[in-house]
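Just below is one structure, and these are the notes that go with it.
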């Protein structure tokens, strides 16, 4: 593993620097890429025929997650900027809210597209199961099944 790191870390760091404007974020993502590799099953770590292709794939996924988190944070900060100063949350509250938003985003990303859509229609638009079923052209029973899946993810998020 140390040989793989030594041979490919400088290259991966340069690749990530080309994708990001922040050297520190590139370094963090390069480290996270190797951490993911360490977490992979042992047989996968020692049978990499194309290590750069594998590292690029992992790094690209982490980069997508990074941009999604950054976009989420920017949207939330823009919403907070609209609040009058006495209503604005403290720095500690902002951090807790951002962490929660990231966890919710990860939970939603883990749901299938139809399950996620049904859940969001219920939670954000306040639609009942019949209205969701009509909107998605599925049965109410399917909506109930989707909601169980989504709510199970919510419970796991809270644990």
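Numbering (our numbering), first residue to last: 128 to 286. Just so you know, even glycine gets a beta-carbon here, dropped at the ideal spot from N, CA and C. Quick caveat, the model's predicted, so the values are computed rather than measured.
Within the same chain, Cβ atoms closer than 8 Å to the Cβ of residue 232 are found at 195, 196 and 199, the five residues on either side in sequence being excluded. Annotated as distal: residue 175 and residue 234, with beta-carbon spacing of 8 Å or more.
For residue 220, same chain residues with a beta-carbon under 7 Å away, outside a window of 5 residues either side, do not exist.
If you compare the alpha carbons of 218, 178, 252 and 265 with that of residue 131, the shortest gap goes to 178. In the structure shown, residue 148 adopts coil according to DSSP, grouped into three states. Setting aside the 5 residues that flank it on each side, residue 136 is surrounded in the same chain by 157 and 161, each with a C-beta closer than 8 Å to its C-beta; the list follows chain order. About 6 Å separates the Cβ atoms of residue 274 and residue 245, confirming a contact at the 8 Å cut-off.
For residue 187, the enclosing alpha helix (DSSP H) starts and ends at 178 to 208. Under the three-state reduction of DSSP output, residue 237 falls in the coil class, being neither helix nor strand. Shown here, residue 252 sits in coil according to DSSP, grouped into three states, outside any helix or strand.
Counting the other Cβ atoms within 10 Å of the Cβ of residue 259 gives 16 or more, which makes it buried. In the three-state scheme derived from DSSP, where H, G and I count as helix and E and B as strand, residue 175 is classed as coil. For residue 266, the CB contacts under 7 Å within the same chain, skipping 5 residues up- and downstream, are 260 in chain order. The Cβ-Cβ distance between residue 142 and residue 183 falls below 8 Å.
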